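Engineer: Those sequence lines, one after another, are chains L and A. Using UniProt numbering, you'd call the opening residue of the first sequence number 1 and step up by one each time. Using UniProt numbering, you'd call the opening residue of the second sequence number 1 and step up by one each time.
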Amino acid sequence: MSTEPIRVGVLFSDNDAVSPSETAHLKGTLFAIQEINEAGGLDGREIVPIQYDPHASAGHYRVLAERLIIRDNVNVIFGCFMSHTRKAVIPVIEKWNRLLFYPTLYEGFEHSNNVIYTGPAPNQNSVQLAEFMTSNFGARVYIVGSDYIFPYESNRIMTDLIQQRTDGAKVGERYVPLDATEKDFVDIIADIKAERPDFIFSTVVGNPTQYLYHAYAQAGLNPKEMPIGSLSTSEAEIAQMGGEAAAGHFTSAPYFQSIGTQNNRRCLESFRSRFGGGIQPNQTWEAAYVQVHLFANAFRQTGTDVIDALMPALLGSEFEAPQGRVRIDPSNHHTCLYPRIGQANANGQFTIVREARRPVSPDPYLVTHSLGDWTAKLDK
Amino acid sequence: MKSDGRDKRALETPKLLRELRALRVAVFHPQDSDGEQLTQQLQRIGCQVQAFWPPLPEPPADTNVVFLAVRPDVIKLEFPWSKAENAPTIIAVVNYENPVIVDALLRLGAKSVIASPVRSFGLLSALVVARHVSEQARTKDRQIARLEGKLFGIRKVSEAKSILMETRGISDKEAYQVIREQAMSKRVSTEEIANAIINANSILSFKR
Numbered sequence: 001m002s003t004e005p006i007r008v009g010v011l012f013s014d015n016d017a018v019s020p021s022e023t024a025h026l027k028g029t030l031f032a033i034q035e036i037n038e039a040g041g042l043d044g045r046e047i048v049p050i051q052y053d054p055h056a057s058a059g060h061y062r063v064l065a066e067r068l069i070i071r072d073n074v075n076v077i078f079g080c081f082m083s084h085t086r087k088a089v090i091p092v093i094e095k096w097n098r099l100l101f102y103p104t105l106y107e108g109f110e111h112s113n114n115v116i117y118t119g120p121a122p123n124q125n126s127v128q129l130a131e132f133m134t135s136n137f138g139a140r141v142y143i144v145g146s147d148y149i150f151p152y153e154s155n156r157i158m159t160d161l162i163q164q165r166t167d168g169a170k171v172g173e174r175y176v177p178l179d180a181t182e183k184d185f186v187d188i189i190a191d192i193k194a195e196r197p198d199f200i201f202s203t204v205v206g207n208p209t210q211y212l213y214h215a216y217a218q219a220g221l222n223p224k225e226m227p228i229g230s231l232s233t234s235e236a237e238i239a240q241m242g243g244e245a246a247a248g249h250f251t252s253a254p255y256f257q258s259i260g261t262q263n264n265r266r267c268l269e270s271f272r273s274r275f276g277g278g279i280q281p282n283q284t285w286e287a288a289y290v291q292v293h294l295f296a297n298a299f300r301q302t303g304t305d306v307i308d309a310l311m312p313a314l315l316g317s318e319f320e321a322p323q324g325r326v327r328i329d330p331s332n333h334h335t336c337l338y339p340r341i342g343q344a345n346a347n348g349q350f351t352i353v354r355e356a357r358r359p360v361s362p363d364p365y366l367v368t369h370s371l372g373d374w375t376a377k378l379d380k
Numbered sequence: 001m002k003s004d005g006r007d008k009r010a011l012e013t014p015k016l017l018r019e020l021r022a023l024r025v026a027v028f029h030p031q032d033s034d035g036e037q038l039t040q041q042l043q044r045i046g047c048q049v050q051a052f053w054p055p056l057p058e059p060p061a062d063t064n065v066v067f068l069a070v071r072p073d074v075i076k077l078e079f080p081w082s083k084a085e086n087a088p089t090i091i092a093v094v095n096y097e098n099p100v101i102v103d104a105l106l107r108l109g110a111k112s113v114i115a116s117p118v119r120s121f122g123l124l125s126a127l128v129v130a131r132h133v134s135e136q137a138r139t140k141d142r143q144i145a146r147l148e149g150k151l152f153g154i155r156k157v158s159e160a161k162s163i164l165m166e167t168r169g170i171s172d173k174e175a176y177q178v179i180r181e182q183a184m185s186k187r188v189s190t191e192e193i194a195n196a197i198i199n200a201n202s203i204l205s206f207k208r
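1) Are the CB atoms of L:Ser273 and L:Ser230 within a distance shorter than 8 Å?
2) Can you find a CB in chain A that lies within less than 8 Å of the CB of L:Thr368?
3) With 8 Å as the threshold, decide whether the Cβ of A:Ile144 is near any Cβ in chain L.
4) For L:Asn125, I'd like the list of residues in its chain whose CB is within less than 7 Å of its CB, leaving aside the five on either flank, ordered along the chain.
5) Report the partner residues of L:Ser252 according to the DSSP bridge assignment.
6) Can you tell me which of the three DSSP states L:Lys380 falls into?
7) For the stretch 155-185 of chain L, which residues have a CB atom closer than 8 Å to at least one CB atom of chain A, in sequence order?
8) On the premise that A:Thr89 lies in contact with A:Ser120, defined as a C-beta separation below 8 Å, what is that separation, rounded to the nearest angstrom?
9) With a CB to CB cut of under 6 Å and the five nearest residues on each side skipped, what residues in its chain are close to L:His334?
10) Any beta carbon of chain L sitting closer than 8 Å to that of A:Ile45?
11) Along the chain, where does the alpha helix (DSSP H) that runs through L:Ser57 open and close?
12) Flag A:Arg18 as yes if its beta-carbon sits less than 8 Å from any beta-carbon of chain L, otherwise no.
13) Please decide whether A:Thr39 counts as near chain L, where near means a Cβ-Cβ distance under 8 Å.
14) Under the assumption that L:Ala236 contacts L:Ser21 (Cβ atoms under 8 Å), give the Cβ distance between them as a whole number of angstroms.
15) Just to make sure I have the definition right: I need the residues of chain L whose C-beta is within less than 8 Å of the C-beta of A:Ser120. Which are they?
16) Counting only runs of 3+ residues fully inside the stretch 222-293 of chain L, write out the beta strand (DSSP E) ranges in chain order.
17) Going straight from the alpha carbon of L:Arg140 to that of L:Asp184, what length do you get?
18) Establish whether the CB of L:Ser252 and some CB of chain A are separated by less than 8 Å.
19) Which value, in whole angstroms, describes the spacing of the CA atoms of A:Arg18 and A:Leu42?
20) Starting from A:Gly149, follow the alpha helix (DSSP H) in both directions and report where the run begins and ends.
21) Mind pulling the chain L residues with CB within less than 9 Å of A:Thr13?
22) With respect to the alpha helix (DSSP H) encompassing L:Gly28, which residues constitute its N-terminal and C-terminal limits?
23) With distances taken from CA atoms, which of L:Val18, L:Gln343 and L:Ala298 is nearest L:Ala246?
24) What does the alpha-carbon distance come out to for the pair L:Ala346 and L:Gly242?
25) Identify each residue in the stretch 318-332 of chain L for which the Cβ-Cβ distance to at least one residue of chain A is less than 8 Å, and report them in chain order.
26) A:Leu124 CB to nearest chain L CB: under 8 Å?
27) Which of the three DSSP states is assigned to L:Ser361 in this structure?
28) Do A:Thr63 and A:Ala51 count as a contact pair if the criterion is CB distance below 8 Å?
29) Starting from the N-terminal side, write out each stretch of the beta strand (DSSP E) that is 3 residues or longer and does not extend beyond the stretch 12-81 of chain A.
Put into structure tokens, the structure is as follows:
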């Protein structure tokens with residue numbers, strides 16, 4: 001039996017290049033690999049991560065993915081954060097028939113036979129957020145987003161959803177650059193103050209997130225009256241902005257650190273004992289962690305990391321994740337997850353105010369989402 | 001290009017996209033890897049899919065879209081249903097693009113083409129664009145038929161006016177008044193009255 005190490009590719013930007021959520025991806029991946037190796041590896045074989053930092057550039061992702069495949073002989077890559085980086089890597093992965101694990105919430109409308117998607121699709125986070133925000137605060141929404149495809153599509157969905165309420169209205173929709181700074185939000189917050197929406201839907205992603213919440217707090221707006229609802233403001237972004245700025249606002253995600261299960265607490269302790277307290281585990285960290293374990297289990301079953309043998313074992317496979325038992329949907333390669341709504345508290349953590357008791361199946365090609373669907377109404 | 005942060009506003013989702021899950025799709029393609037990719041991706045999109053090979057004599061009733069493998073072994077077949085007035089939108093799946101095959105695509109009236117090997121990516125866009133092209137063509141056809149009818153009617157009325165002006169020695173305006181009054185009292189269109197005048201005139205002038 002082979003004792004050769006198994007080399008896997010890891011392709012995430014480090015050092016908060018664009019987003020602390022992508023750094024969390026990297027740490028979640030490395031954590032899972034360490035954990036598996038310490039427990040004896042895969043049938044006695046060590047997993048060796050071959051890790052490159054693409055510095056958030058789509059061009060680098062493409063070149064490095066090809067280098068991982070050709071030079072480093074890697075069959076499986078864990079990687080990508082923003083959609084344009086995934087779109088850059090997929091043609092390379094398909095050309096060489098390799099496997100990409102993608103652990104990020106994204107806008108849906110994609111399927112590749114060479115990709116496993118472990119983050120939520122819009123039917124697993126957007127609908128639940130719309131349901132919660134409109135039924136608790138009203139349906140007049142002001143939309144603020146980063147200027148790229150994920151916000152465009154998320155905002156289309158939110159616009160459709162609020163119009164299902166009789167009082168639904170979009171009172172503003174503004175976009176900021178991916179490298180936005182404080183000044184980009186001054187004008188927007190002034191406009192929000194004038195329009196007085198019932199809530200703000202933020203699809204601002206990455207490092208600029210902190211400036212939106214700061215500008216909001218500095219303008220003296222009150223989250224009790226006009227909270228921000230987001231899909232991407234996680235514990236990692238809150239660590240950048242400070243708990244005070246985020247407190248009272250809402251995020252829809254399948255994972256929060258505060259999930260009270262023993263499995264989650266054990267996982268967090270194990271992570272902190274290895275990586276310290278500098279990294280805030282969040283939804284992207286968890287998905288990155290989970291997908292390495294899904295890979296490991298499929299490898300143990302098949303004894304190989306070659307996609308044609310591995311994929312049948314991956315599809316339909318389950319894992320006891322920190323968020324609950326997840327499963328890869330064989331029909332679309334996305335993952336059944338547990339939508340939750342968290343309200344940020346002053347400690348930089350989320351108080352979970354709603355959660356799904358049953359996993360919600362991914363439906364990445366759903367155009368028309370509906371409020372009132374049972375998957376959208378979560379339990380208290 | 002830098003955005004000023006004001007464009008790209010999310011508009012209402014187009015009807016063609018909202019109705020994708022109600023779309024009835026027939027796939028006429030062998031059950032090979034392309035055929036499987038195709039039906040699986042259509043199922044992900046959420047269409048109601050049925051797959052057949054060899055092609056049925058005609059698609060099931062109420063089919064909106066037919067994906068048809070246009071291959072060397074089927075181009076000699078006739079697909080008379082594709083010529084019907086309310087024919088489903090045809091999207092061809094091709095593994096050759098030599099002139100023989102391209103000619104077959106044109107004869108079939110394919111509104112979009114998918115290349116083999118079939119991938120998930122691109123199918124949704126091809127489907128929606130083909131539906132859009134079909135609907136536009138259908139709307140245009142109806143408009144053209146209506147306009148042709150109208151033009152034909154105008155020609156008839158003007159012919160009838162000439163007859164009246166000649167036989168009764170009245171002006172253009174008066175001739176039109178006569179036709180209009182007749183149409184109103186008999187509750188029919190001016191074109192019908194015009195037709196009646198033209199027919200009567202041809203009989204009367206025969207007598208002369």
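Quick reminder that beta carbons are idealized off the backbone N, C-alpha and C, glycines included. The structure displayed is predicted, hence computed values, not measured ones.
Structural biologist: Per the coordinate set shown:
1) Cβ distance not < 8 Å, so L:Ser230 and L:Ser273 don't count as in contact.
2) The Cβ of L:Thr368 sits closer than 8 Å to at least one Cβ of chain A.
3) So no, A:Ile144 is outside the interface.
4) So the qualifying residues of the chain are Leu105, Leu231, Ser252, Ala253 and Pro339.
5) DSSP lists L:Ile341 as partners of L:Ser252.
6) In this structure, L:Lys380 counts as coil in the three-state DSSP scheme.
7) Going along the stretch 155-185 of chain L in chain order, one finds Asn155, Arg156, Met158, Thr159, Asp160, Gln163, Lys170, Glu173, Arg174, Tyr175, Val176, Pro177 and Asp184 with a Cβ nearer than 8 Å to chain A.
8) About 20 Å; that fails the 8 Å criterion.
9) Taking C-beta separations shorter than 6 Å and ignoring five residues to either side along the sequence, the partners of L:His334 in its chain run Tyr117, Ala121, Pro362 and Pro364, following chain order.
10) Answer yes: the Cβ-Cβ gap between A:Ile45 and chain L drops below 8 Å somewhere.
11) No alpha helix (DSSP H) contains L:Ser57, which DSSP labels as neither H nor E.
12) Yes - at least one Cβ of chain L is within 8 Å of the one on A:Arg18.
13) Chain L contact via Cβ: absent.
14) The beta carbons of L:Ala236 and L:Ser21 sit about 5 Å from each other, so the pair counts as a contact at 8 Å.
15) Residues of chain L whose Cβ lies closer than 8 Å to the Cβ of A:Ser120 are, in chain order, Glu110, His111, Ser112 and Asn113.
16) DSSP runs (the beta strand (DSSP E)) wholly in the stretch 222-293 of chain L: 228-230 and 250-253.
17) Each residue's CA atom was taken as its position, placing L:Arg140 and L:Asp184 some 23 Å apart.
18) Output row for L:Ser252: interface = no.
19) Roughly 15 Å between the two C-alpha positions.
20) Per DSSP, the unbroken alpha helix (DSSP H) holding A:Gly149 starts and ends at Leu123 to Arg168.
21) Neighbourhood of A:Thr13 in chain L, by CB distance below 9 Å: Arg156, Ile157, Thr159, Asp160, Val367 and Thr368, in chain order.
22) For L:Gly28, the enclosing alpha helix (DSSP H) starts and ends at Pro20 to Glu38.
23) Among L:Val18, L:Gln343 and L:Ala298, the Cα nearest to that of L:Ala246 belongs to L:Gln343.
24) Distance between L:Ala346 and L:Gly242, taken at the CA atoms: about 8 Å.
25) Answer in chain order: Ser331 and Asn332.
26) At least one CB of chain L lies nearer than 8 Å to the CB of A:Leu124.
27) Coil at L:Ser361, not helix or strand.
28) Result no, Cβ atoms of A:Ala51 and A:Thr63 do not sit closer than 8 Å.
29) Qualifying beta strand (DSSP E) stretches, in chain order: 24-28, 48-52 and 65-70.
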